[in-house]
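Report on the structure given below.
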Amino acid sequence: MVACTTVTDAAGFEAGRLSFYTTNEELKRLFTPFGVVKDARLVMDPITRRPKGFGFVTYDSEVEAQKAIKSMNGRVLSLSLSLSLSLSLHAKLKLKTIWKRTSSNHINGL
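Once you know that position 96 of the sequence shown is 96 in full-length UniProt numbering, the rest is easy, because the numbers rise by one and skip nothing.
Below is the structure:
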């Protein structure tokens, strides 16, 4: 399932609930259908050197980022991989006219 946790800026967000075997290239490819991805990077564990299960995606425009969040939030990618997109409080207030919030921590009921 796809989810977004923190908006890094107007055109970026944190993607979570990723497989520990996801690569930066796969993360970028996953979000490319929604616009030009400027950056897609996973947070790595310094000891195991494996992804920690979340990363950051940045688009050229806020519209593209919003489209990706709306399309991918809560989406099941495979039996073993899900993605979680959620928004920071600042972004929730900014985007509340776009998405109907169903809880204080997540959008679209996640």
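For glycine and all other residues, C-beta sits at the position ideal for the given N, C-alpha and C.
These numbers were taken from a predicted model, which means no experiment stands behind them.
Kindly indicate which three-state DSSP category residue i falls into: helix, strand or coil?
| i | result |
| --- | --- |
| THR48 | coil |
| ALA15 | strand |
| THR22 | coil |
| VAL10 | First, the residue type needs correcting, since residue 10 is Ala and not Val in the sequence shown. Correct three-state label for ALA10: coil. |
| ARG41 | strand |
Measuring straight from C-alpha to C-alpha, what distance separates residue i and residue j?
| i | j | result |
| --- | --- | --- |
| SER80 | SER19 | With a pLDDT of only 44 at SER80, under the threshold of 50, the placement of this residue in the model should not be trusted; the figure read from the coordinates follows. Near 7 angstroms, if we compare the C-alpha coordinates of SER19 and SER80. |
| ASN108 | GLY74 | A caution first: ASN108 carries a pLDDT of 46, below 50, which makes its placement in the model unreliable, though a value can still be read off. Computed Cα separation, rounded: 8 angstroms. |
| GLU62 | PHE31 | 14 angstroms |
| PHE13 | ALA65 | 8 angstroms |
Buried or exposed: which applies to residue i, given that a residue is buried once 16 or more other Cβ atoms fall within 10 Å of its Cβ?
| i | result |
| --- | --- |
| MET44 | exposed |
| ILE69 | buried |
Next item on the list: Count the CB pairs spanning the region 25-42 and the region 56-72 that are closer than 8 angstroms, and state whether there are at least three.
Entry: yes
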